[in-house]
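A quick write-up on the structure given underneath.
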Amino acid sequence: MTDFKTKKRKIPAAVRLTKGAEARVAELMSKAPDDAIGVKLSTPRRGCSGLAYSVDYVTEEVAMDEKIETPGGIFYIDGASVLYLVGSIMDWVEDDFTAGFTFENPNAKGACGCGESFMV
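First residue of the sequence shown: 7, per my numbering; consecutive thereafter.
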């Protein structure tokens, strides 16, 4: 009888954070309320295209959320949003006029003109 040893492959995170996004998560966590355990990305229904990106502090873990450990703190992805976000890249961009998270989402089929919402 052959003894097979199974190797478990690490499953990649649904969303990849750039160094800029990781640095911003670290900055947010350095200023977080005392009860915050991390930062969470979700896709609530809003805007003219249907879904929007929302990043908020989180105070407790939810079993279905994806948990990503970054150098600056824990980053969560809402369990109900993961399917809309698989394969996305999240970045933090600042220029003279704006600052904010940006998303390259291969699942998005369109976005509104103002960039606040997207559809899948």
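Glycine is no exception: its CB is placed at the ideal position from the N, C-alpha and C atoms.
Buried versus exposed, by CB contacts within 10 Å (16 or more), residue i
i, result
"T49", "buried"
"R30", "buried"
"D40", "exposed"
"D101", "exposed"
"S87", "buried"
"V68", "exposed"
"I17", "exposed"
Three-way DSSP call (helix, strand, coil) for residue i in this model
i, result
"M96", "strand"
"S87", "coil"
"A105", "strand"
"K25", "helix"
"V61", "strand"
"R52", "coil"
"E110", "strand"
"E75", "strand"
"V133", "Examination of residue 133 is not possible in this model, given that the chain is present from 7 through 126 alone."
"V31", "helix"
Rounded distance between the beta-carbons of residue j and residue i, thought under 8 angstroms
i, j, result
"V99", "L57", "V99 to L57, Cβ: 20 angstroms. No contact."
"L47", "Y63", "12 angstroms between Cβ atoms; not a contact."
"E28", "G78", "6 angstroms"
Short Cβ contact (8 angstroms threshold) for residue i with residue j
i, j, result
"T65", "I43", "yes"
"F81", "D97", "no"
Cβ-heavy atom distance, residue i to the ligand GDP, below 7 angstroms
i, result
"V64", "In the structure shown, the ligand GDP is absent, as is every other ligand, since no ligand is present at all."
Would the region 82 to 101 and the region 11 to 21 be scored as touching if the rule is three or more Cβ pairs under 8 angstroms?
yes
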